[in-house]
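What follows is a short report on a single structure.
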DNA sequence: AAGAGACCCTGGATGC
DNA sequence: TGCATCCAGGGTCTCT
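In the numbering used here, the protein residues as written are 171 to 441.
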């Protein structure tokens, strides 16, 4: 499942092959992928727009286009983007194809069809509610403390809330809490200053590790070129239910919080 | 504000 | 081998 490190990895790869390209057509085979505008308008409006830069905000890929337009793509669970030659064999579940003036194509493949494309002039209408970027300079331990002290939610569901922190998903939330030594059910406003510092450091540590390892290919995530990342080989708790904790040997436990599976070490992360 | 649950989807796992 | 059922997971929505 693409989270911040997986999206960042994909953005970096696409930047090389896509910046400078101009869209020549849009072929939409699953219209519900187009969140806005309506698919017909999307199809007409994207033609002739040039990709000037590709960035990332949380788990969203942000394509800055000519004419002050922005293409925003969220991969959700199984979305995958790749730039290929127009005559490359078509894979199953390729639901949208954006033709490029060079003859190549940007193909959006998404088995579970949760991914979304947005073509907007004001990107704030899509990104406006996102919380801070966890690797940005202004995300300091003090900033995190200010956010935490006014919330009483349990840490795990809070970390998954994109308006609290942008980009953290189920893998990196579990990993960050393990590295911080914090129980997933701890109330946000109950943390001491040193625990907040530990959480802040752990969030940045696991995200940077994920980027350095080019993402976690735990389910179906692949880089744009189809190869795997390496972060799945460095997880401490995620999907390691009943396996021994690398730190203390206790079996990793799995519980469900906020409807999401949650993995933690009952010895290293006491409530 | 917090928490629970439904929904969208499909492939893979599990059960019989 | 084959069929039915369950489940994960990001984000959004509804209800309490």
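We put the CB at the ideal spot given by N, CA and C, even for glycine.
### Query
Expressed to the nearest angstrom, what Euclidean distance is found between the alpha-carbon atoms of residue 145 and residue 396?
A question about residue 145 goes unanswered here, because the residues of the chain that appear run from 171 up to 441.
### Query
Which partner residues does residue 269 have in the DSSP bridge list?
195, 275
### Task
Name the residue from 380, 264, 296 whose alpha carbon lies nearest to the alpha carbon of residue 230.
Closest in alpha carbon position to residue 230, among 380, 264, 296, is 296.
### Cα-Cα separation between residue 427 and residue 354, rounded to whole angstroms
8 Å
### Touch test, the segment 331-339 against the segment 301-313, Cβ-Cβ under 8 Å, three pairs minimum
In this structure the segment 331-339 touches the segment 301-313; the number of beta carbon pairs closer than 8 Å is three or more.
### Query
If we ignore side chains and look at the alpha-carbon of each, how far apart do residue 265 and residue 325 end up?
36 Å
### Query
Skipping 5 residues on each side, what residues in its chain have a beta carbon closer than 8 Å to that of residue 375?
Answer for residue 375: 346, 349, listed in chain order.
### Query
Is the closest heavy atom of the ligand SAH to the C-beta of residue 349 under 7 Å?
The ligand SAH is absent from the structure shown, which contains no ligands of any kind.
### residue 362 versus residue 415 - alpha carbon distance
25 Å
### Task
Entirely within the segment 348-384 and at least 4 residues each: give me those alpha helix (DSSP H) ranges in chain order.
363-382
#### Entry: First through last residue of the alpha helix (DSSP H) which encompasses residue 184
174-188
### Query
Quick one: what's got a C-beta closer than 7 Å to residue 400's C-beta in the same chain, skipping five residues either side?
Once the five neighbours on either side are set aside, the close Cβ partners of residue 400 are 383, 384.
### Query
Going by beta carbon distance, what residues of the same chain come within less than 7 Å of residue 441, once the five residues before and after it are set aside?
Cβ-Cβ distances below 7 Å link residue 441 to 353, 355, 356 in the same chain, with the five nearest sequence neighbours on each side left out; the list follows chain order.
### Query
Quick one: what's residue 252 bridged to in DSSP?
277
### 7 Å Cβ shell around residue 272 - same chain, five flanking residues per side excluded
191
### Query
Going by alpha carbons, who is nearest to residue 364 out of 234, 312, 330?
312
### Query
Out of curiosity, what's the CA-to-CA distance linking residue 314 and residue 174?
18 Å
### Message
I'd like the span of the alpha helix (DSSP H) that includes residue 318, first residue to last.
### Response
311-319
### Message
With the cut-off set at 8 Å, would you say residue 281 and residue 248 are in Cβ contact?
### Response
Contact check for residue 281 against residue 248 passes: the beta carbons are separated by less than 8 Å.
### Query
From 417, 412, 419, 418, pick the residue whose C-alpha is nearest to that of residue 433; which is it?
A check of alpha carbon separations from residue 433 across 417, 412, 419, 418 identifies 412 as the nearest.
### Query
Is the beta carbon of residue 232 less than 8 Å from the beta carbon of residue 240?
Between residue 232 and residue 240, the C-beta gap is smaller than 8 Å, which places the two residues in contact.
### Task
Identify whether residue 233 lies in helix, strand or coil by the three-state DSSP scheme.
In the structure shown, residue 233 sits in a strand (DSSP, three-state: E or B).
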